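Written below as structure tokens is the structure these notes are about.
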């Protein structure tokens, strides 16, 4: 992403009506402060699924929020995975292949389908304004409709996952539209 006006609209390969998910990605942020990596909003709810990074990692599910402390410099290449299951209501953040604290959020919830999925911006309303833009580099964004195993998460963080790609967002395969000067560059996250 080039600047705060840049974002990517994603057309997911699978409905966003999720009872569980794992979202994994690499980022190297240019600025400190809260930056939105992924935002999914519907007509009924702005923060259906949102993930932010910065001094902590923020996760919104169905309009409810939890925060995970972050003890790394956000300017380094970092690998993030967050997994959540509706049945237990437990969300876990993985950073560079290491599991962090578990947090409770939205037990029994199923995310709503029919919204808009965006990378690099918080979509404040389905057809409205954007905020908390991401500035930096983002790659290997994958979203699964299930909780991945710890071994799979570690393999992704160690760049050893082979062909493990998301069924909702598969990096390099899921259709995406670039806006506002987003530039595609060679990936250096696993070097």
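Numbering (full-length UniProt numbering), first residue to last: 1 to 191. Backbone N, C-alpha and C fix where the C-beta goes; we use that ideal spot for every residue, glycine too. Keep in mind that this is a model prediction, so the values were computed, not measured.
Helix, strand or coil at residue 164 [DSSP, three-state]: coil
Is the beta carbon of residue 189 sitting closer than 8 angstroms to the one on residue 77? yes
Run of the alpha helix (DSSP H) containing residue 150, from where it starts to where it stops: 150-157
When you compare the region 104-123 with the region 148-166, are there three or more beta-carbon pairs, one atom per stretch, that lie closer than 8 angstroms? no
Rounding to the nearest angstrom, what Cα-Cα distance links residue 45 and residue 63 in this structure? 7 angstroms
Below 7 angstroms CB to CB, which residues in the same chain sit around residue 42 once its five sequence neighbours on both sides are set aside? 48, 112, 114, 115 and 126
With a cut-off of 8 angstroms, do at least 3 Cβ pairs link the region 10-30 to the region 134-142? yes
Sequence-distant residues of its chain with Cβ nearer than 6 angstroms to residue 103 (five each side left out): 66 and 91
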